[in-house]
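Under the UniProt record's numbering, the first residue of the sequence shown carries the number 1, and numbering increases by one thereafter.
Don't be surprised by glycine CBs; every beta carbon is placed ideally from N, CA and C.
Every value quoted in this text rests on a predicted model; they were computed, and no experiment measured them.
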Amino acid sequence: MDNLSPSDEKPVQRSKSLSFKPQRETCASCEKTVYPMERLVANNLIFHNTCFCCKHCNTKLSLGTYAALQGEFYCKPHFQQLFKSKGNYDEGFGRKQHKELWASKEGESITKSP
Numbered sequence: 001m002d003n004l005s006p007s008d009e010k011p012v013q014r015s016k017s018l019s020f021k022p023q024r025e026t027c028a029s030c031e032k033t034v035y036p037m038e039r040l041v042a043n044n045l046i047f048h049n050t051c052f053c054c055k056h057c058n059t060k061l062s063l064g065t066y067a068a069l070q071g072e073f074y075c076k077p078h079f080q081q082l083f084k085s086k087g088n089y090d091e092g093f094g095r096k097q098h099k100e101l102w103a104s105k106e107g108e109s110i111t112k113s114p
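Okay, structure coming up:
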């Protein structure tokens with residue numbers, strides 16, 4: 001049996017190279033440091049509370065008042081309005097329609113055939 005007295009125990013050595021440094025988070029909008037009290041996460045992106053705004057009208061958004069499409073955030077009224085204006089998400093939000101992409105691919109396959 002080991003009968004070690006408290007004075008015989010070796011002190012635990014701690015490595016000085018393993019100091020804890022918290023990871024610095026940056027806002028997806030302004031790219032400045034986000035501190036925990038002002039942190040908001042939407043679609044796995046980190047924002048300041050004040051930077052989380054509608055792309056169309058710049059209104060401040062919250063987690064209950066936003067809609068996202070392809071990494072862009074909108075207030076729900078403008079998201080619906082932009083969809084209704086053209087009847088589809090692509091044209092309403094200023095992108096090419098998928099049917100145009102399909103038509104260009106079909107044209108390429110027709111010209112490539114022998």
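Nearest-angstrom Cα separation, counted from residue j out to residue i
{"i": "residue 77", "j": "residue 70", "result": "17 angstroms"}
{"i": "residue 58", "j": "residue 75", "result": "9 angstroms"}
{"i": "residue 31", "j": "residue 83", "result": "29 angstroms"}
{"i": "residue 113", "j": "residue 79", "result": "With a pLDDT of 48 at residue 113, under the threshold of 50, the predicted position of this residue should be treated as unreliable, though the coordinate-derived value follows. Straight-line Cα distance between these residues: approximately 42 angstroms."}
{"i": "residue 73", "j": "residue 66", "result": "6 angstroms"}
{"i": "residue 51", "j": "residue 63", "result": "13 angstroms"}
{"i": "residue 81", "j": "residue 26", "result": "31 angstroms"}
{"i": "residue 56", "j": "residue 49", "result": "18 angstroms"}
Enclosing beta strand (DSSP E) for residue i [first to last residue]
{"i": "residue 24", "result": "Note, residue 24: premise wrong, no beta strand (DSSP E); not H, not E."}
{"i": "residue 41", "result": "39 to 42"}
{"i": "residue 52", "result": "No beta strand (DSSP E) holds residue 52; DSSP gives it neither H nor E."}
{"i": "residue 69", "result": "66 to 69"}
{"i": "residue 72", "result": "72 to 75"}
Contact under 7 angstroms by Cβ, residue i with residue j
{"i": "residue 68", "j": "residue 47", "result": "no"}
{"i": "residue 45", "j": "residue 54", "result": "no"}
CB-CB length for residue i against residue j, believed under 8 angstroms
{"i": "residue 33", "j": "residue 24", "result": "6 angstroms"}
Residue-chain proximity (residue i, chain B), Cβ-Cβ < 7 angstroms
{"i": "residue 70", "result": "No chain B is part of this structure, which consists of one protein chain only."}
Any non-hydrogen atom of the ligand ATP within 6 angstroms of residue i CB
{"i": "residue 77", "result": "Judged by which ligands are present, the structure shown has none, so any question about the ligand ATP falls away."}
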